[in-house]
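In the numbering used here, the protein residues as written are 69 to 219. C-beta: ideal position from N, C-alpha, C; glycine also. Below: one structure, written as structure tokens.
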């Protein structure tokens, strides 16, 4: 009887704790796939150096640029297999207007002339492929925002 209860408890924990790879961890957090783009206040971008350290910061606040960024994130294809990659080019945080909702953290790899990749920090074993076009759009957005030293 004790073994059955333990097995049932484990199954319940797995089912309630598993979020299918979505970037959310509790009932009060909307997954990135569920956000209305109007929920987003801003996207804060941290430049990463070759050692993976935070360098400079930029903030995306224009709604059109936020929409482009989120569309790329929401349509990125999952990359099968284990990730073995160099440090990311950028780390970013999506800040929502409702401060009761948790923000979403992710890393970006944006090479010059190839597909990019996004990895959510809540699931670093799963990469998501950005097309060359999405990669270029995101790089253009990052280049267009004011970059200033991080605090």
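Starting from residue i, follow the beta strand (DSSP E) in both directions and report where the run begins and ends.
i	result
residue 160	158-164
residue 175	172-177
Which residue marks the beginning of the alpha helix (DSSP H) containing residue i, and which one marks its end?
i	result
residue 201	200-212
residue 142	131-143
Out of curiosity, what's the CA-to-CA distance linking residue i and residue j?
i	j	result
residue 148	residue 186	13 Å
residue 206	residue 183	12 Å
residue 169	residue 134	18 Å
residue 200	residue 167	33 Å
residue 150	residue 177	16 Å
residue 110	residue 127	7 Å
Sorted by chain position, which residues of the same chain lie with C-beta nearer than 6 Å to residue i's C-beta, five sequence neighbours on each side aside?
i	result
residue 138	105
residue 121	none
residue 202	140
Closest to residue i by CA distance: which of the options is it?
i	options	result
residue 195	180, 163, 146	146
Please return the same chain residues whose Cβ sits closer than 7 Å to the Cβ of residue i, not counting the five positions on each side in sequence.
i	result
residue 153	177
- Taking one C-beta from the region 170-182 and one from the region 154-161 each time, how about it: are there three or more such pairs within less than 8 Å? With a cut-off of 8 Å, the region 154-161 and the region 170-182 count as touching, because enough Cβ pairs lie within range.
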